[in-house]
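Protein chains in written order, with the numbering used here: chain A, 1 to 315; chain B, 1001 to 1281; chain C, 2001 to 2347. Just so you know, even glycine gets a beta-carbon here, dropped at the ideal spot from N, CA and C. Just so we're clear, the structure is a prediction, and the values are computed from it rather than from any experiment. Structure, as structure tokens:
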């Protein structure tokens, strides 16, 4: 993964120079450890500012909505699946895009790293399988596989599903993992336990909507929480309103969510918003055999009607 | 200091349909509590927040004039949640009024000067307040010539028609009423958009003449070049802005253009002041 | 100015005593996530005086995420149908314990907005005036602290009534105001420190200030015109990564934008003042659908222009930022106000 950036920069420079794209969307180095900043490049001379490492967890497909230019976008497995969904939902044309695919073995979760380190992290040096984390006068080496984002640890689509250029050779997909283990754990709780689990989960929510804004799927010009005629959801931190927002948002993403983890990354209160979306991903998989964003030729199940749909009410 | 969020309770005393398509209604409010009307003392150009419990508040220019006692009048366009509810209310209903808010047309500066008023559509409300104020016997001598160019899409869309006709007959004010178009053969006044009528009928700009302009963005866009052509410098062109508001007194941070709040440092600004601010309105 | 010495072992007991006269607020750390927040200290909870920083600022103590400002009933059978009433509020004395100097300085910035010569927000002002601020100096600033560049600093006293300094087994307490002295009396922790205390505080202060490596400067921002900065072509690049999530405005101790909403249940209703954010697309949308800030670039530019230019010009008292670093730490896409300030300064 470390060497990928050279190929990415080379591809980007070529695409800008030969005019196939007007801009490249990628990352540049962040100002704090374990963070990078999404950016765009229009001048081939600027490709040297692009970076790629294990801190590129943000889903760049979020920046495609409404674009009119020809865009080169650097995308990992989950990002490409969101790009497919964007194309199917007519958010952007396939012809506008040049997808620079990057196989991915997972992104690092900076909160997990912080919890394993005493004091403030001052610097992080990355190697192929590990990160060396410096804080104060000490340092600690952590295996990347131990501090991955939760969604990365259960990922089975590490390789891009569509791409025009590959920045590296494909990596092996993970096998034999129970993708929905966390969901099953909650499903097996009894009613009171479940209620308490969700109450505790959403208690810190400050309704900043960072989860919604980070999600590439949430692009409605007026989100249901902002409607006022009629007003569906109140503006306070009332628990009922908070739950309504999270449940409904999860349902709006059902059959479209690729578990990219951008929502959890964005949340300032560290809420595991994926508890809702992962459950719906499991349901859609079990009910319709569907996984989002794998093919440009099929529409999501909640979008289509098939004669053999299982629901009684359509018969 | 008084709690600035608390509205004065008022009762709807009269409702008049103001335009032929019923999209505008003029509401007359009477204060429920003795003494509130004095506390609400306002100047022409200011606005108030009309407050409907359970629905919200809307910032509306005050159409009545400070010289009219015993009531306040607002002409409201039905556009969204609160205005639709207001349009469905009845005489006798109770609601709230918060204000007066904002600054006002610069009356001290305008004393001894000629005033040109250019208005379009339903932005004419605070201009009515201004004209009634200036024409009041106590005030008329304070001002020089008064010229008014006011246009609407059709005769039925003009606000305050009866008053416009009465003013037209006076000799201490020059009225230039116009409509974009009409098929009424008895239409006595001008036909044409506000900018060309202004160019034709308005007086020249000079040190002693000020223009107050209030109207929809498209009218403003084409009227300003006309005023410049007539010789009005930017500090002699006075405008009243609109923006999305909530508190109305410069605290919620929503209506700012640059470092000015439209609700507190405005809504009245000279064009010269606006030239120095971002056009975020 | 008096400097008192408080043995850390007496501190918890002192706070319990103070509770008879004050409602106490302080940082409370969640064991699972290691994040701290300002909460009301009830049931014997002690403030975590070792917490490095709270995730959300303590501005919620005077400016809660949502607050009832008026109450009403729409029941026509009642006498006060459709009349707005001011609700009962509790503004009994409050002590905010363990507040960092930059957060206290932030309250002074908020005061400029909520307490003006023409209008006074009683909800914010009464809550603020009920507070006694027992500050805790930042002896170990972190890498994102740039408070010395703003009108604050790790040992700054603005907005504080007492400044506690961690001195090993004790806190040295600089008593800044009468309100502060009254609190320490109520807590029964008013033993004087020895003569060397004052200079020890100064030493620790100097060391902390020197530890702060992150700086911003804005002297050129003041010299440029608003339109020069506004029309610069740097904003597209600055704004690209932003997802308009509003996190920066929510964690920021000096951001104050709010919304007013009516919510009715049955016939009983409340008018609420809720946190809002200039980052949200619908913040400035008119009923007609016209939106003066309808692009992301507009909104991001508004936030930084407000904080670093409009406020600077309007009050001529520094920028609307206290250098706490929370926005940098929590921005999901790493937009850094220090970088933006630098770009604006060198425009």
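Whole-angstrom distance between residue j and residue i, CA atom to CA atom
{"i": "residue 2153 of chain C", "j": "residue 41 of chain A", "result": "37 Å"}
{"i": "residue 1113 of chain B", "j": "residue 1107 of chain B", "result": "10 Å"}
{"i": "residue 207 of chain A", "j": "residue 237 of chain A", "result": "7 Å"}
{"i": "residue 2257 of chain C", "j": "residue 2279 of chain C", "result": "10 Å"}
{"i": "residue 1202 of chain B", "j": "residue 1175 of chain B", "result": "10 Å"}
{"i": "residue 260 of chain A", "j": "residue 86 of chain A", "result": "14 Å"}
{"i": "residue 1195 of chain B", "j": "residue 2229 of chain C", "result": "33 Å"}
{"i": "residue 317 of chain A", "j": "residue 49 of chain A", "result": "Outside the displayed span of chain A (1 to 315) sits residue 317 of chain A, for which this structure offers no information."}
{"i": "residue 2085 of chain C", "j": "residue 1048 of chain B", "result": "19 Å"}
{"i": "residue 45 of chain A", "j": "residue 273 of chain A", "result": "39 Å"}
{"i": "residue 1180 of chain B", "j": "residue 1150 of chain B", "result": "11 Å"}
{"i": "residue 1212 of chain B", "j": "residue 2307 of chain C", "result": "33 Å"}
{"i": "residue 1185 of chain B", "j": "residue 1191 of chain B", "result": "12 Å"}
{"i": "residue 23 of chain A", "j": "residue 71 of chain A", "result": "5 Å"}
Start and end residues, alpha helix (DSSP H) containing residue i
{"i": "residue 39 of chain A", "result": "From DSSP, residue 39 of chain A is part of no alpha helix (DSSP H) but of the beta strand (DSSP E) over 36-41."}
{"i": "residue 1019 of chain B", "result": "Note, residue 1019 of chain B: premise wrong, no alpha helix (DSSP H); not H, not E."}
{"i": "residue 1275 of chain B", "result": "1271-1275"}
{"i": "residue 1185 of chain B", "result": "Premise fails: residue 1185 of chain B is in no alpha helix (DSSP H) and is neither H nor E."}
{"i": "residue 1066 of chain B", "result": "Segment: none, residue 1066 of chain B is in no alpha helix (DSSP H) and carries neither H nor E."}
{"i": "residue 2209 of chain C", "result": "2197-2211"}
{"i": "residue 2180 of chain C", "result": "2178-2186"}
{"i": "residue 2101 of chain C", "result": "2101-2114"}
{"i": "residue 2288 of chain C", "result": "No alpha helix (DSSP H) holds residue 2288 of chain C; DSSP gives it neither H nor E."}
{"i": "residue 2127 of chain C", "result": "2122-2129"}
{"i": "residue 2223 of chain C", "result": "2219-2223"}
{"i": "residue 1082 of chain B", "result": "1081-1087"}
Limits of the unbroken beta strand (DSSP E) element including residue i
{"i": "residue 1949 of chain C", "result": "Beyond the ends of chain C as shown, which are 2001 and 2347, falls residue 1949 of chain C; an answer cannot be given."}
{"i": "residue 228 of chain A", "result": "Premise fails: residue 228 of chain A is in no beta strand (DSSP E) and is neither H nor E."}
{"i": "residue 2297 of chain C", "result": "Counting along the chain, residue 2297 of chain C falls outside any beta strand (DSSP E), though it belongs to the alpha helix (DSSP H) covering 2296-2305."}
{"i": "residue 100 of chain A", "result": "97-101"}
Beta-carbon neighbours of residue i, restricted to chain C and to distances below 8 Å
{"i": "residue 237 of chain A", "result": "2065, 2066"}
{"i": "residue 210 of chain A", "result": "2243, 2245, 2246, 2247, 2332"}
{"i": "residue 38 of chain A", "result": "2240, 2241, 2333"}
{"i": "residue 1088 of chain B", "result": "Simply none; closest approach about 14 Å."}
{"i": "residue 213 of chain A", "result": "2243, 2244, 2245, 2246"}
Residues bridged to residue i [DSSP beta-bridge criterion]
{"i": "residue 1237 of chain B", "result": "B/1211"}
{"i": "residue 111 of chain A", "result": "Paired residues: none, contrary to the question."}
{"i": "residue 2038 of chain C", "result": "C/2027"}
{"i": "residue 1073 of chain B", "result": "B/1028"}
{"i": "residue 1098 of chain B", "result": "B/1049"}
{"i": "residue 2163 of chain C", "result": "C/2135, C/2174"}
{"i": "residue 134 of chain A", "result": "A/123, A/139"}
{"i": "residue 1009 of chain B", "result": "B/1096"}
{"i": "residue 2006 of chain C", "result": "C/2171"}
{"i": "residue 2094 of chain C", "result": "C/2023, C/2131"}
Where residue i meets chain A, residues with beta-carbon distance less than 9 Å
{"i": "residue 2259 of chain C", "result": "235"}
Contact list for residue i against chain C, beta-carbon separation under 7 Å
{"i": "residue 30 of chain A", "result": "2334"}
{"i": "residue 272 of chain A", "result": "In chain order: nothing, as chain C lies at least about 11 Å away."}
{"i": "residue 182 of chain A", "result": "Per Cβ cutoff of 7 Å: no residues; residue 182 of chain A is ~16 Å from chain C at best."}
{"i": "residue 35 of chain A", "result": "2334"}
Beta-carbon neighbours of residue i, restricted to chain A and to distances below 7 Å
{"i": "residue 2142 of chain C", "result": "120"}
{"i": "residue 2033 of chain C", "result": "270"}
{"i": "residue 2339 of chain C", "result": "31"}
Closer than 7 Å at the beta carbon, the chain B residues around residue i
{"i": "residue 2269 of chain C", "result": "1053, 1054"}
{"i": "residue 2285 of chain C", "result": "1244"}
Residues that residue i contacts on chain A, provided the C-beta gap is smaller than 8 Å
{"i": "residue 2293 of chain C", "result": "Neighbours of residue 2293 of chain C on chain A: none; closest Cβ ~15 Å, over 8 Å."}
{"i": "residue 2263 of chain C", "result": "234, 235, 236"}
Closer than 8 Å at the beta carbon, the chain B residues around residue i
{"i": "residue 2313 of chain C", "result": "1259"}
{"i": "residue 2327 of chain C", "result": "Per Cβ cutoff of 8 Å: no residues; residue 2327 of chain C is ~16 Å from chain B at best."}
Residue i Cβ short of 7 Å to the ligand SAM heavy atom set
{"i": "residue 93 of chain A", "result": "The ligand SAM is not among the ligands present in this structure, which contains no ligands whatsoever."}
Q) Of all the alpha helix (DSSP H) runs that stay within the bounds of the stretch 1144-1195 of chain B, which reach a length of 4 or more residues? A) Runs of the alpha helix (DSSP H) inside the stretch 1144-1195 of chain B: 1161-1169.
Q: Ignoring anything shorter than 3 residues or poking outside the stretch 138-196 of chain A, list the beta strand (DSSP E) runs there in chain order.
A: Taking only runs of at least 3 residues, the beta strand (DSSP E) segments lying wholly in the stretch 138-196 of chain A are 138-143.
Q.
Which complete alpha helix (DSSP H) runs does the stretch 213-287 of chain A hold, if anything under 4 residues is left out?
A. List check, alpha helix (DSSP H) in window: 239-252, 262-266.
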